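A.B. asks:
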Ligand code: IPT
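Residue numbers (UniProt numbering): 1 to 956.
Here it is as structure tokens:
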């Protein structure tokens, strides 16, 4: 036992990786050797500092009967309702003074205790031994077994094994683990996420029989010219390798070449094999594939690949980064079902089982090391550990623990040194170590803009314009970099409503060979389930420093419901493109490896959005990259009457392991005959009564000209509207000056426009209301004229808008808004079923849709503009029918824009009686200004002269 002395706790601030752990080795889920999961209920005592308590708890016989209980794997700050401390969210700021390698005296320390017996069927441990494996502990741990100190370690998301066979007893084994929230290792783990201490991955006791396997390296390459695979398994312990399906039975270390089916993310063919040493049979899942840098491109099996990827942090709204297998599988299935083909494991190696799933279902993986020192940017990277030789052993230890653990996964095609760690010799040392150990994969690191240590040029959030320059090879940089392929390791910041403009990136990726795709930031919102707030984000736990909802920037919500961003991405990255004109469609196989045999094609024909006919479409077998023009059948009902279009869909032809037969992977629409816009003959004229003007079915306030009723329906507050509840992308990141629309909009008063009534004019066939809409303090404004006409039963409104003065900003939106009561169901003909904005509406499909008002809302964790349906021809709600000339954006919600704008959590929104409806002629695009480029010029809504009409009628 150690006593409480300064030296006994030195390890916490020691830059070395630790002591006592075994050398890293390949991870595998199970073998015929016995193993015992030590997950479950453990005893926990949390102390406010590192030395509040001594380590006597580790001794055998210690009575922890009055300690709390905690679930392992888990984070103690997410258990015990705050009794054990609370989560902290910072993006890149260290939540402690930057004083490396020192950490605060206030260093929450969780003493964990677990008592276990060996199962009766366990062998006698005098034969061989046993190891305890920790798959992940944040951020530093010291371990005792039965009172003996067996070592300490850092490297939170990396495995550590300790030999314990000599210490085990048949029963009553006491495993004591002291976990410190902060350590020298914390300086290397400044990822943009919650700081969550704890034993958050599995703890396992593994029997290691005499002659059992140690480390082994499965080399399985594929020669695309011969169709042969070559297998060689290098093993620290000699043995035999068998792969029955390939008739392989060779000694370890020996190569064998046989015809095989290759592994790719599209065709994830795995062969079951066994590595048999004297003492153990280890199951292997072998995928044959060759990764290389050739002709300046990342090639797999001789072909350049296009990454349609996402950055995945591990997240669960209740359990934090303690993910179970079902949740991991759900992530992989969601990715596959949304056409993704790649994952960057930002910014640390994931739970190892996740990579098994990537092998099995087929995803390209950039496996990233547990390294980020982003907070040093605040001091111009002075004292950055990656440029200080004292830290290099820890960096190499991290690289080695990742590579050794994950090297046998065919899905892993690229190693990444880490994220946002500046530059330095330590990174070079990591890259050299990795290149030396594994020549079969490429190395990535974004911070290395000259590609000194890496095999590709990688950037994050580069604008479309810059990406195009890189595509055209017109970027600068070193000679080496200019010969390398390019990836966007982060783009399309999925915070709140958005990301906008991803279709425009995809066009570039598909156009320029050098651009090999990208990875959306990021997969899931890290919202923490919270009893009062629904989901909590930064600041909700009273943190002294925090970065608010910047941690909620995923394609899926915390409950793993897809957000509109994921549906948009699915459409943008379809494996098949379906485009056409009039009577034919051009179908292109956009995959890199597979033909189209997995898909069945269906056509349907819509008249005014209703399907009147459908059938199947046969297609020639198309190789990757090939296209075919396919003639569509002549519809029986001809083309008369109404707006008509074809919809062609690609569906899974049979069940796969990730999606059922009939699952839609791609679609396209081909317009045939255009819509006739509604016309209303102005046969009625306005009639002045007592304080009221009537026109056809409608009544107006005689003084203000404001619409009051249409037939029996009350309408309130109809007027021009230009404001929207600002999105996270409108708000923009602090450091992205120049594209922060929200700040400018507020400065120029777009949220407080005044409406000056100029005149109410009763003409022979029209009621005309002239207004000027402008913000206090400024001279610019909009002349807005409302012209009302009627044919006796329908009411037509034409709004003419003329900008006056010099407009300094684009408009958030331009249309009318009004209140209706009693609206619940909404039916519309136009884009749907989900929301769509000018630069996020690739997935919006023209058809007939129906929803409740509540169903139209998108639950962004921080409430903001959401839920607009694009290209709407007509809509019906609350007894009112609206037809647009031209098409419009439709939004309806049970609160006002002002209430939506003021809310910070969804629980702030309370539904009122009135449904507020926006009919927008235009909406400003979404962009990715929360971290990246703003709205592209073609999607901006400039203040320009505009005219648009709506025809209203009461539904009979
Ligand atoms: C980039 C980080 O790599 C990522 O972890 C995340 O923080 C993202 O930004 C924003 O959500 S770094 C940024 C300075 C571009």
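We put the CB at the ideal spot given by N, CA and C, even for glycine.
No experiment lies behind these values; they were computed from the predicted model shown.
CB-CB under 6 Å to residue 943, same chain, minus the five flanking residues each way: which ones, in chain order?
C.D. replies: Hits under 6 Å: 803, 807 and 811.
A.B. asks: Specify, as a first and last residue, the run of the beta strand (DSSP E) that residue 524 falls within.
C.D. replies: It is not in any beta strand (DSSP E) - residue 524 carries neither H nor E in the DSSP assignment.
A.B. asks: Short check: CB of residue 901 to CB of residue 725, under 8 Å?
C.D. replies: In this structure, residue 725 lies closer than 8 Å to residue 901 by Cβ.
A.B. asks: Residue 801 to residue 784, Cα distance in whole Å?
C.D. replies: Answer to the nearest angstrom: the Cα atoms are 5 Å apart.
A.B. asks: Going by DSSP in three states, residue 329 sits in which element: helix, strand or coil?
C.D. replies: Correct three-state label for residue 329: helix.
A.B. asks: On the criterion of 16 or more Cβ atoms from any shown chain inside 10 Å, does residue 24 qualify as buried, or is it exposed?
C.D. replies: Buried, since its Cβ has 16 or more Cβ neighbours within 10 Å.
A.B. asks: Assign residue 897 to one of three DSSP states: helix, strand, or coil.
C.D. replies: Three-state result, residue 897: helix.
A.B. asks: Cutting at 6 Å between CB atoms, please list the residues of its own chain near residue 604, excluding the five before and the five after it.
C.D. replies: Here the set comprises 611, 614 and 647.
A.B. asks: Tell me, please, whether the stretch 920-937 touches the stretch 888-899 by the rule of three or more beta-carbon pairs shorter than 8 Å.
C.D. replies: Yes: at least three Cβ pairs fall under 8 Å.
A.B. asks: Sorry if obvious, but does the Cβ on residue 419 come closer than 7 Å to a heavy atom of ligand 1?
C.D. replies: Answer for residue 419: yes, Cβ within range of ligand 1.
A.B. asks: Spell out the partners DSSP gives residue 489 in its beta bridges.
C.D. replies: DSSP, once it has assigned bridges, lists no residue as partnering residue 489.
A.B. asks: Flag residue 490 as yes when its Cβ comes closer than 7 Å to any non-hydrogen atom of ligand 1, and as no otherwise.
C.D. replies: Result yes, Cβ under 7 Å from ligand 1.
A.B. asks: I'd like to confirm the pairing. Which residues does DSSP put opposite residue 556 in its beta bridges?
C.D. replies: Note: residue 556 sits in a beta bridge opposite 524 and 562.
A.B. asks: Spatial neighbours of residue 692 within its chain, please: CB distance less than 8 Å, with the 5 preceding and 5 following residues excluded, ordered by chain position.
C.D. replies: Around residue 692: 699, 700, 701, 702 and 708.
A.B. asks: Mapping DSSP to helix, strand and coil, what is residue 226?
C.D. replies: Three-state DSSP puts residue 226 in coil, outside helix and strand.
A.B. asks: Give me, in chain order, the residues of the same chain whose beta-carbon lies closer than 8 Å to that of residue 450; leave out the 5 immediate sequence neighbours on both sides.
C.D. replies: Result list for residue 450: 477, 478, 480 and 481, in chain order.
A.B. asks: What are the complete beta strand (DSSP E) segments, minimum 3 residues, inside the stretch 393-443?
C.D. replies: Entirely contained in the stretch 393-443, the beta strand (DSSP E) runs reaching 3 residues are, in chain order, 412-416.
A.B. asks: Helix, strand or coil for residue 663, going by three-state DSSP, please let me know.
C.D. replies: Coil.
A.B. asks: As a quick exercise: from 892, 631, 564 and 606, pick the residue whose alpha carbon is nearest that of residue 579.
C.D. replies: Nearest option by C-alpha distance: 631.
A.B. asks: So, for residue 949: in the same chain, excluding its five sequence neighbours on each side, which residues have a beta-carbon less than 7 Å away from its beta-carbon?
C.D. replies: Excluding positions up to five away in sequence, the list reads 796, 797, 798 and 885.
A.B. asks: Counting only the same chain and skipping the five closest in sequence on each side, list residues whose C-beta sits under 6 Å from that of residue 911.
C.D. replies: Answer for residue 911: 894, listed in chain order.
A.B. asks: If you draw a straight line from the alpha carbon of residue 166 to that of residue 19, how long is it in whole angstroms?
C.D. replies: Each residue's alpha carbon lies about 18 Å from the other.
A.B. asks: Threshold first: 4 residues or longer. Then list the alpha helix (DSSP H) segments lying entirely within the stretch 729-781, N to C.
C.D. replies: For the stretch 729-781, whole alpha helix (DSSP H) runs of length 4 or above, ordered along the chain, are 741-747.
A.B. asks: DSSP on residue 959, reduced to helix/strand/coil?
C.D. replies: Here the chain comprises residues numbered 1 to 956, so residue 959 is not present and cannot be evaluated.
A.B. asks: Taking the continuous beta strand (DSSP E) assigned at residue 163, which residues delimit it?
C.D. replies: Note, residue 163: beta strand (DSSP E), 160-163.
A.B. asks: What does the alpha-carbon distance come out to for the pair residue 765 and residue 771?
C.D. replies: Their Cα atoms are separated by approximately 20 Å.
A.B. asks: Which residue or residues does DSSP assign as beta-bridge partners of residue 957?
C.D. replies: With the chain represented from 1 up to 956, any question about residue 957 goes unanswered, as that position is not in the structure.
A.B. asks: Would you say residue 729 and residue 375 are within 8 Å of each other, going by their C-beta atoms?
C.D. replies: Not a contact, by the Cβ cut-off of 8 Å.
A.B. asks: Grouping DSSP H, G and I as helix and E and B as strand, with all else coil, what is residue 916?
C.D. replies: In this structure, residue 916 counts as strand in the three-state DSSP scheme.
A.B. asks: Can you tell me whether residue 597 is buried or exposed? The criterion is at least 16 other CB atoms within 10 Å of its CB, across all chains shown.
C.D. replies: Exposed, since its Cβ has fewer than 16 Cβ neighbours within 10 Å.
A.B. asks: Just the Cα atoms here: how many angstroms apart are residue 678 and residue 841?
C.D. replies: Straight-line Cα distance between these residues: approximately 24 Å.
A.B. asks: Which partner residues of residue 880 appear in the DSSP bridge assignment?
C.D. replies: 877 and 954, per the DSSP bridge assignment.
A.B. asks: Please go through the same chain and pick out, in chain order, the residues whose beta-carbon is closer than 8 Å to the beta-carbon of residue 940, but skip the five residues on each side of it.
C.D. replies: Once the five neighbours on either side are set aside, the close Cβ partners of residue 940 are 810, 924 and 925.
A.B. asks: According to DSSP, residue 311 sits in a beta bridge with which residue or residues?
C.D. replies: Looking at the DSSP assignment, residue 311 forms a beta bridge with 344.
A.B. asks: Closest by CA to residue 602, which one among 215, 555, 663 and 624?
C.D. replies: Checking every option, the nearest Cα to that of residue 602 belongs to 663.
A.B. asks: Ligand 1 and residue 493: does the residue's C-beta get closer than 7 Å to at least one heavy atom of that ligand?
C.D. replies: Yes - ligand 1 has a heavy atom lying nearer than 7 Å to the Cβ of residue 493.
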